[in-house]
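Residues 161 to 631 in my numbering are what the sequence shown lists, from first letter to last.
All residues carry an ideal CB built from backbone N, CA and C; glycine is no exception.
From a predicted model like this one, the values you see are computed outputs, not experimental measurements.
For reference, the structure is listed below as structure tokens.
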Amino acid sequence: MKEHLEHKVFQLISEIADDSEQECYVIGGYVRDIFLKRPSKDIDVVVVGSGIEMAEKLANKLEKKAVLSIFKNFGTAQVKTKDLEIEFVGARRESYQRDSRKPIVEDGTLEDDQNRRDFTINALALCLNKERFGELIDPFGGLNDLKNKVIRTPLNPDITFSDDPLRMMRGIRFASQLGFFLETNTFEAIARNKERIGIISKERINDELNKIIMSPKPSTGFILLDKSGLLELIFPELVALKGIETKEGIGHKDNFYHTLLVLDNVSRQTDNLWLRWSALLHDIGKPRSKRYDKKLGWTFHNHDFVGMKMIHEIFRKMKLPMNEKMKYVQKMVLLHMRPIILSEEEVTDSAVRRLLFDAGNDIEDLMMLCEADITSKNPEKVKRYKNNFKIVRNKLQEIEEKDRIRNFQPPVKGEEIMQTFNLPASSIVGEIKMKIKDAILDGVIPNEYEAAREYMMKVAAELGLTPPEQR
Ligand code: CTP
Numbered sequence: 161m162k163e164h165l166e167h168k169v170f171q172l173i174s175e176i177a178d179d180s181e182q183e184c185y186v187i188g189g190y191v192r193d194i195f196l197k198r199p200s201k202d203i204d205v206v207v208v209g210s211g212i213e214m215a216e217k218l219a220n221k222l223e224k225k226a227v228l229s230i231f232k233n234f235g236t237a238q239v240k241t242k243d244l245e246i247e248f249v250g251a252r253r254e255s256y257q258r259d260s261r262k263p264i265v266e267d268g269t270l271e272d273d274q275n276r277r278d279f280t281i282n283a284l285a286l287c288l289n290k291e292r293f294g295e296l297i298d299p300f301g302g303l304n305d306l307k308n309k310v311i312r313t314p315l316n317p318d319i320t321f322s323d324d325p326l327r328m329m330r331g332i333r334f335a336s337q338l339g340f341f342l343e344t345n346t347f348e349a350i351a352r353n354k355e356r357i358g359i360i361s362k363e364r365i366n367d368e369l370n371k372i373i374m375s376p377k378p379s380t381g382f383i384l385l386d387k388s389g390l391l392e393l394i395f396p397e398l399v400a401l402k403g404i405e406t407k408e409g410i411g412h413k414d415n416f417y418h419t420l421l422v423l424d425n426v427s428r429q430t431d432n433l434w435l436r437w438s439a440l441l442h443d444i445g446k447p448r449s450k451r452y453d454k455k456l457g458w459t460f461h462n463h464d465f466v467g468m469k470m471i472h473e474i475f476r477k478m479k480l481p482m483n484e485k486m487k488y489v490q491k492m493v494l495l496h497m498r499p500i501i502l503s504e505e506e507v508t509d510s511a512v513r514r515l516l517f518d519a520g521n522d523i524e525d526l527m528m529l530c531e532a533d534i535t536s537k538n539p540e541k542v543k544r545y546k547n548n549f550k551i552v553r554n555k556l557q558e559i560e561e562k563d564r565i566r567n568f569q570p571p572v573k574g575e576e577i578m579q580t581f582n583l584p585a586s587s588i589v590g591e592i593k594m595k596i597k598d599a600i601l602d603g604v605i606p607n608e609y610e611a612a613r614e615y616m617m618k619v620a621a622e623l624g625l626t627p628p629e630q631r
């Protein structure tokens with residue numbers, strides 16, 4: 161293992177540990193990631209003694225090359241260098257009194273500390289003291305679990321999860337991120353303890369949710385969240401997509417599993433977190449817009465609009481960022497049917513211009529979402545859609561080159577309309593502006609100033625307006 165501890169900083173810690181006669185170990189994610197061959201910059205060090213003292217001594221040795229932060233209340237300290245963040249903590253033991261939920265935290269041994277960790281794969285430790293430098297301490301078979309791709313808690317999972325209920329989500333996140341199997345006993349404990357997630361802050365939950373969404377195949381995580389019952393508690397709108405209703409022998413597709421397929425499809429192509437969120441939410445309006453029509457069967461009319469409207473409330477409730485990220489997701493959800501509708505009809509220049517105008521710079525993302533949304537099992541249908549999509553894409557490119565609609569601003573501004581006709585800011589100004597915009601998008605006039613100015617005069621005359629100098 162020594163070759164993985166070659167960084168100079170490990171030598172320094174080793175010397176300090178020996179000088180102060182304290183046992184010292186690298187533990188947790190850093191060690192796990194060595195075996196997974198994932199480079200990591202966050203190093204956790206456990207000291208059987210004082211973590212803060214050790215951090216101070218290291219910072220002294222590194223002088224100006226390091227920044228030291230001490231968190232006295234937690235008994236931890238951090239040393240930050242150009243390329244590493246090293247967290248020091250004293251080994252601790254927690255014991256629970258029968259009449260209190262609050263644990264008594266005392267100094268402990270390495271073993272006590274390992275007992276308190278979330279999963280066997282995160283409880284591996286490497287000794288840093290010179291005599292035993294690089295020695296692996298693995299009391300729970302974490303290395304085996306890494307080899308067999310298993311997530312399991314070191315202790316009885318009811319105890320591990322009760323210590324910190326966020327670990328239930330972490331377990332599912334690691335399973336999804338690493339493609340590991342969540343051991344049955346551990347999974348059942350999540351289902352049993354799910355209500356305890358209620359004491360965890362939304363921010364911590366979102367960190368894990370985002371990591372699940374960013375995993376290579378996010379459906380793995382969402383299926384586990386759903387099966388354990390956690391999803392119903394943290395994201396009920398997604399669970400509402402589940403199920404197939406049948407009337408007069410006609411059923412509709414299960415929108416939950418369809419959504420997960422779309423999310424997986426998008427995730428194969430992009431690391432854009434918010435595009436992945438858009439995939440997750442694209443059909444969120446379906447349960448509320450579902451109708452059964454005797455002639456048409458199941459319909460979800462306006463689910464794009466209804467879904468877009470739901471996003472504000474979902475983001476607010478879940479404490480997701482209510483800024484341009486949310487606006488982007490709203491836009492994607494609102495527009496997600498447009499390219500597909502286009503591809504079903506004759507692709508007119510005017511419809512393509514409007515799509516370009518509404519999507520702006522996000523047009524490629526929208527097309528990606530839309531293609532990912534084709535999950536039909538009918539190969540003929542898929543072929544037809546994909547073919548039509550090619551036509552839409554070509555047309556988009558052709559029109560963009562010709563008309564530069566993507567970042568289109570109508571060439572005649574409201575100011576100019578007001579000045580020309582000596583008008584105050586009013587709805588009539590807006591009306592003229594919109595007519596100019598529509599004329600350009602519909603190809604009635606080119607996207608140029610002169611033509612737009614001329615068109616403005618014509619529209620104004622129709623509305624009974626004349627410039628003051630002609631009155
Ligand atoms: N840990 C824990 N319980 C938690 C969080 C963390 O037991 N709720 C322990 C684990 O041993 C973990 C270590 O603290 O390996 C470091 O935690 P953290 O840096 O949050 O996560 P990593 O395991 O390093 O993984 P990632 O960076 O992917 O979150």
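* To do: Express the C-alpha separation of ALA283 and ASP272 in angstroms, rounding to a whole number.
  => 11 Å
* Shortest alpha-carbon distance to ALA532 belongs to which of GLU254, PHE395 and LEU435? -> Minimum Cα distance to ALA532 is reached at LEU435.
* Give me the Cα-Cα distance between ASP431 and ILE212, rounded to the nearest whole angstrom. => Cα to Cα, ASP431 sits roughly 38 Å from ILE212.
* Asked: Going by the CB atoms, is the gap between VAL239 and LEU218 shorter than 8 Å?
  -> yes
* Touching or not, the region 278 to 297 and the region 166 to 178, by the rule of three or more beta carbon pairs under 8 Å? -> Because the criterion of three Cβ pairs below 8 Å is met, the region 278 to 297 and the region 166 to 178 touch.
* Going by DSSP, name the residue or residues bridged to ARG253. => GLU266
* To do: Following the continuous alpha helix (DSSP H) through SER510, name the residue where it begins and the one where it ends.
  => 509 to 519
* Chain-order list of residues whose beta-carbon lies under 7 Å from that of ARG330 (same chain, five-residue window excluded) -> ASP278 and GLU368
* Are THR559 and LEU516 touching if we call contact CB-CB under 8 Å? -> It is Ile, not Thr, that sits at residue 559 in the sequence shown. Yes, they are a contact pair.
* Quick one: any contact between the region 358 to 372 and the region 403 to 415, if contact means 3 or more CB pairs under 8 Å? -> no
* Asked: From ASN353 to VAL399, what distance separates their C-alpha atoms?
  -> 19 Å
* To do: Could you have a look at GLU245 and say whether DSSP puts it in helix, strand or coil?
  => strand
* To do: Given a cut-off of 8 Å, decide if ILE350 and PHE321 are closer than it, judged by their beta-carbon atoms.
  => yes
* Asked: Taking the C-alpha atoms as reference points, what is the distance between GLU181 and PHE170?
  -> 16 Å
* Asked: With 16 as the cutoff for other CB atoms within 10 Å, does MET328 come out buried or exposed?
  -> Burial of MET328 is indicated by the presence of at least 16 other C-beta atoms within 10 angstroms of its C-beta.
* Just mark PHE340 as buried or exposed, buried being the case when its beta carbon has 16 or more other beta carbons within 10 Å. => buried
* Can you give me the Cβ contacts of ASN425 inside the same chain, cut-off strictly under 7 Å, excluding the 5 residues immediately before and after it? => ALA532
* To do: Take ARG192 as the anchor and find which of GLU183, CYS184 and ASP202 has the nearest alpha-carbon.
  => Comparing Cα positions, the closest option is ASP202.
* Asked: To which residues does DSSP link LEU228 through a beta bridge?
  -> Note: LEU228 is bridge-paired with VAL239 in the DSSP secondary-structure output.
* Asked: Would you report the Cα separation of MET374 and ARG252, rounded to the nearest angstrom?
  -> Their backbone Cα atoms lie some 33 Å apart in a straight line.
* Might you give, ordered along the chain, the residues of its own chain that have their beta carbon closer than 7 Å to the beta carbon of PRO447, omitting 5 neighbours on each side? => ALA400 and LEU401
* With 16 other Cβ atoms within 10 Å as the buried cut-off, status of LYS595 -> buried
* **Closer than 7 Å: ASN548 CB and nearest the ligand CTP heavy atom** => no
* Asked: Are the CB atoms of PRO325 and ILE359 nearer to each other than 8 Å?
  -> yes
* Asked: What are the complete alpha helix (DSSP H) segments, minimum 4 residues, inside the region 538 to 571?
  -> 539 to 563
* Cutoff 8 Å; reference GLN429; Cβ partners in own chain excluding five residues on either side -> MET528 and ALA532
* Buried or exposed: which applies to ASN567, given that a residue is buried once 16 or more other Cβ atoms fall within 10 Å of its Cβ? -> exposed
* **Residues that DSSP places opposite CYS287 in a beta bridge** => TYR185
* Determine the DSSP secondary structure at ILE605, reduced to helix, strand or coil. => DSSP places ILE605 in coil when its eight states are reduced to three.
* Asked: Hey, would you say the C-beta of GLY250 is under 7 Å away from at least one heavy atom of the ligand CTP?
  -> no
* Asked: Can you tell me where the alpha helix (DSSP H) with ARG476 in it begins and where it stops?
  -> 463 to 478
* Asked: What are the residues that DSSP puts in a beta bridge with LEU296?
  -> LEU286
* Please confirm whether any heavy atom of the ligand CTP lies closer than 7 Å to the CB of ALA237. => no
* Same chain, Cβ closer than 8 Å to MET486, neighbours up to 5 away in sequence not counted -> Excluding sequence neighbours, MET486 sits near ILE471, HIS472, PHE475 and LEU480.
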